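In UniProt numbering, the protein residues as written are 1 to 277.
A virtual CB, placed ideally from N, CA and C, is assigned to each residue, including glycine.
Quick caveat: nothing in here was measured; it's all calculated off a predicted structure.
Scroll down for the structure; my scribbles are underneath it.
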């Protein structure tokens, strides 16, 4: 498991491209037959990916690294399948996972494993975990069961639908909030006008992008913006002080996950366009 320390806004102002990518971009999460994990000191996220092929892959880590007797002893986890069909097994219960299905697993679950229905078209599970203080039930939701919110317009190149899976009025959790945003064809911008939320951090996973496509992910303080060039199935860690917007070379999809002080989706500090620099 890779570890990332939390960087300050002041320090980030002086980063060159390589340093900015090292601190905030997670480039390789999905490796066939492996479980990949990144531990961020930003709100203690564990970000992961797993691509099971011929055999199931267990959610296992050196427990000394997290100071626990099992991965979910004091954590909760959200899982989204962005690949072929598969199954997630949690304490002996199987959950069939099609593309864009979400599964929340609560604190205290002892054993979790991931499998694919077809090794030639494997499932690709994106994982996001946060500390938890109590236990909520394990719940699965398909995209059709998520709460939709339509935003933007074709005139502003940001017509999109936000699907909320784990939130105050959906799947219950301790602090994790998770959803998926799908941009319609011909639309490239997300989360612009931009915002920050000092009370919560956020992680984005961009996917459904062509091989030669990129997203220019905008980050940094509103008056000290920077950008990261992000490719398919790469994730960005967004601290609470940073904006988190993007524009792609074509439309794309991204999973957003938040943790921190509250679970209110609308708790945002909007940044006027004229204030951005």
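(message) Please classify residue 279 as buried or exposed, where buried requires at least 16 other C-beta atoms within 10 Å of its C-beta.
(response) The structure shown has nothing for residue 279, since the chain only spans 1 to 277.
(request) Determine the direct distance from the alpha carbon of residue 133 to that of residue 62, and round the result to whole angstroms. (result) Here the question's residue 62 lines up with position 62 in the chain shown. Here the question's residue 133 lines up with position 133 in the chain shown. Straight-line Cα distance between these residues: approximately 21 Å.
(request) Pull up the distance between the alpha-carbon of residue 131 and that of residue 59, whole angstroms please. (result) Taking the first residue of the chain shown as position 1, residue 131 is located at position 131. Taking the first residue of the chain shown as position 1, residue 59 is located at position 59. Cα to Cα, residue 131 sits roughly 16 Å from residue 59.
(request) Following the continuous beta strand (DSSP E) through residue 10, name the residue where it begins and the one where it ends. (result) Walking along the chain shown from the start, residue 10 turns up at place 10. In this chain, residue 10 is not harboured by any beta strand (DSSP E); it is covered by the alpha helix (DSSP H) spanning 9-12.
(request) Out of 10, 83, 79, point me to the one whose CA is closest to residue 90's CA. (result) Stepping through the chain shown from its first residue, residue 90 is reached at position 90. For the residues 10, 83, 79, the minimum Cα distance to residue 90 belongs to 79.
(message) Considering only the alpha carbon of each residue, which of 92, 184, 93, 85 lies closest to residue 101?
(response) The sequence position of residue 101 within the chain shown is 101, counting from 1. Residue 85 is the option with its Cα nearest to residue 101.
(request) Starting from residue 218, follow its DSSP beta bridges and name the residues at the other end. (result) As a first step, residue 218 must be located in the chain shown, where it is residue number 218. According to DSSP, residue pairing for residue 218 in a beta bridge involves 227, 245.
(message) Going by DSSP, what residue range makes up the beta strand (DSSP E) through residue 204?
(response) As a position in the chain shown, residue 204 is number 204, starting the count at 1. Taken as a continuous stretch (DSSP letters only), the beta strand (DSSP E) holding residue 204 covers 200-207.
(message) Just to confirm the assignment, what range does the alpha helix (DSSP H) spanning residue 21 have?
(response) Indexing the chain shown from 1 puts residue 21 at position 21. Residue range 17-24 is occupied by the alpha helix (DSSP H) that includes residue 21.
(message) Would residue 176 and residue 140 qualify as a contact pair, given that the criterion is a beta-carbon distance under 9 Å?
(response) If you number the chain shown from 1, residue 176 lands on position 176. If you number the chain shown from 1, residue 140 lands on position 140. For the pair residue 176 and residue 140, the CB atoms are not nearer than the 9 Å cut-off.
(request) Could I get the ranges of all uninterrupted beta strand (DSSP E) runs contained in the segment 50-122, with 3 residues as the minimum, in chain order? (result) Those beta strand (DSSP E) runs which fall completely within the segment 50-122 and span 3+ residues are 75-81, 86-90, 93-97, 102-105, 112-116.
(message) Looking only at its chain, what residues have a beta carbon closer than 6 Å to the beta carbon of residue 161, apart from the 5 residues adjacent to it on each side?
(response) The residue labelled residue 161 in the question sits at position 161 within the chain shown. Only 148, 150, 182 meet the Cβ criterion.
(message) Using only the alpha-carbon positions, how far apart do residue 152 and residue 142 sit?
(response) As a first step, residue 152 must be located in the chain shown, where it is residue number 152. As a first step, residue 142 must be located in the chain shown, where it is residue number 142. The alpha-carbon atoms of residue 152 and residue 142 are separated by roughly 24 Å.
(request) Could you check the C-alpha separation between residue 18 and residue 221 for me, to the nearest Å? (result) Translated into the one-based positions of the chain shown, residue 18 becomes position 18. Translated into the one-based positions of the chain shown, residue 221 becomes position 221. Approximately 19 Å between the Cα atoms of the pair.
(message) In this structure, how does DSSP classify residue 144 when only helix, strand and coil are distinguished?
(response) What you label residue 144 is simply residue 144 of the chain shown in a count that begins at 1. In this structure, residue 144 counts as helix in the three-state DSSP scheme.
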